[in-house]
């Protein structure tokens, strides 16, 4: 028999996740590059984009800057899953290493919170290129976010 | 009387600049975000973009990732101005600090070569937001490029 | 009955590890700060230092620069474990986030190779402060190394 | 005739500079590596160290980590020159590129404030190696500091 009692933790996160999705939907830049949310968990966000010519650099691969935009957002929303309701997120800085050509069927950018302080949150991120069953690590990121208390995200 | 003798240095750079512009025109991502080349000099490249809703983050400013894409390209093309003809440029890594909201009439991203080695080139970059006569520093970048000898850029 | 047949992989790494230890012993700076090698595995290096007043910043914690020196070396030697014999390692660049005061009985810096290319190697590193049984993450690092082929490390 | 009227701006900075020197003198790590303050101005700090075997990496040059420690401190004290009295400075993160072997008669690390916000300060830094009259750029840094209001530096 299935319990009808709801998990209060899941419920609390469902509200938080809706908040993150609403913020994401307002990012014109994520719409422009065609990014979508693949998964949200507390302290974790995965975003994906499908490579296409409009995202390319001069050799046809996805531009390092687009890869950076994707994983910066993944890190930022990983952070936002852990913020209080009445707070917005801004990127203070990030650093990215590009490891392999970004190409294939899909790019998956994952951000995860490593340290959540009261005002600063540090995340790491990875971007993989998926082609059929192959999966290649294409970028590594490390990021600092700031929590803007009293400035609601949406 | 105007001399008809051409400046060989300028001529050499004119060819190099044409090479850079050709590479830039192949970057679908720069077309997508609406970036254009403002200036090219040996070791220097300035790119601009006009803020619009499609480039925004959730609060309406230009997305940190778009700012990063712009200044990554400015740094990369600053580097390419100094490369030999038969070599391509790739970003190894970069780090960016976001200092102020990216908004206004125009974002101007400047990249300049600090150290040009045989295989690695290090650049710095700055992004300013221009609004009327006001000019605000919105981002600082430091970047490592790799020279791909024997792999023509275009 | 114990086999007398040696594991060729282990033997190969033993030689490599001896090479790394020899290089480490030549780093005056590691001697000055009192660092020692805790563990070496292929693609991994752990170094430790005991906090003392000579390593401090102004509030008595271990100086961010000393933490950086330790984890830079851990990443570099993680990389060197994967290099061919006739090659030296140099740090191209690294980025470090400081997350908590570096204090306690021991600082343990771990470096691990994420991507080993022919000429560039990318590592990540973490530093934990150990106090009794408590273990606190104090720093996160991301690093690019260059393989100097034909320039023996020692 | 020389005016005896004091410059109030200089006086104010003299107190601030004394504060910075007092903090610097408490950094055991700067004493250990033999660093000294060469110059302090509002938003600027220059530190120097003389290369010696105790600061070396495996090839005899000054260790990247020592170069990093020096320029991290230069950036931090550049920031502290601009802080209010009742505030301490901590490094949030920094990124450094190593450009050339750190050797010669003296290493000079300069840090300068690029953006001083209320809670975060961003600096850039450069390290030059001086040998006779030659001066070689050996490292580039970009750094984020946090202002700890209400926690006096000394």
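Chains as they are written, first to last, in the working numbering: chain A, 5 to 158; chain B, 5 to 158; chain C, 5 to 158; chain D, 5 to 158.
Where a beta carbon is used, it is the ideal one built from N, C-alpha and C, also for glycine.
Since the structure is predicted, the reported quantities are computational estimates derived from the model, not experimental observations.
Cβ neighbour criterion (16 or more within 10 Å) applied to residue i
| i | result |
| --- | --- |
| residue 7 (chain B) | Note that residue 7 (chain B) scores 49 on pLDDT, short of 50, meaning its location in the model is unreliable; the coordinates nonetheless yield the value given after this. Looking at its Cβ environment, which holds fewer than 16 other Cβ atoms inside 10 Å, residue 7 (chain B) is exposed. |
| residue 176 (chain D) | Absent from the model: residue 176 (chain D). The displayed extent of chain D is 5 to 158, so no value can be given. |
| residue 76 (chain D) | buried |
| residue 50 (chain B) | buried |
| residue 5 (chain D) | The pLDDT assigned to residue 5 (chain D) is 44, lower than 50, so where the model puts this residue is not dependable, and the model offers no usable value. |
Rounded C-alpha distance that separates residue i from residue j
| i | j | result |
| --- | --- | --- |
| residue 111 (chain A) | residue 45 (chain D) | 48 Å |
| residue 69 (chain A) | residue 56 (chain D) | 42 Å |
| residue 153 (chain D) | residue 92 (chain D) | 7 Å |
| residue 2 (chain B) | residue 107 (chain A) | Beyond the ends of chain B as shown, which are 5 and 158, falls residue 2 (chain B); an answer cannot be given. |
| residue 109 (chain C) | residue 135 (chain C) | 5 Å |
| residue 149 (chain D) | residue 94 (chain D) | 6 Å |
| residue 19 (chain D) | residue 29 (chain D) | 15 Å |
| residue 58 (chain D) | residue 119 (chain B) | 28 Å |
| residue 31 (chain B) | residue 31 (chain A) | 22 Å |
Same chain only: Cβ atoms within 7 Å of residue i, ignoring 5 sequence neighbours per side
| i | result |
| --- | --- |
| residue 117 (chain A) | 47, 82, 83, 86, 125, 127 |
| residue 139 (chain A) | 132 |
| residue 42 (chain A) | 50, 51, 52, 112 |
6 Å CB neighbourhood of residue i in its chain, flanking five on each side removed
| i | result |
| --- | --- |
| residue 157 (chain B) | 27, 92 |
| residue 72 (chain A) | 100 |
| residue 147 (chain B) | 79, 98, 127 |
| residue 54 (chain B) | 110 |
| residue 65 (chain D) | 105, 106, 107 |
9 Å Cβ cutoff met for residue i and residue j
| i | j | result |
| --- | --- | --- |
| residue 102 (chain C) | residue 96 (chain D) | yes |
| residue 79 (chain A) | residue 121 (chain A) | no |
| residue 33 (chain D) | residue 67 (chain C) | yes |
| residue 123 (chain A) | residue 123 (chain D) | yes |
| residue 90 (chain C) | residue 155 (chain C) | yes |
| residue 88 (chain D) | residue 24 (chain D) | no |
Close-in-space but distant-in-sequence residues of the same chain around residue i (CB under 8 Å, 5 per side omitted)
| i | result |
| --- | --- |
| residue 130 (chain C) | 75, 113, 114, 141, 143, 144, 145 |
| residue 21 (chain A) | 44, 85 |
> Does the region 12-29 of chain C come close enough to the region 37-51 of chain D to have 3 or more Cβ pairs within less than 8 Å?
Replying inline: no
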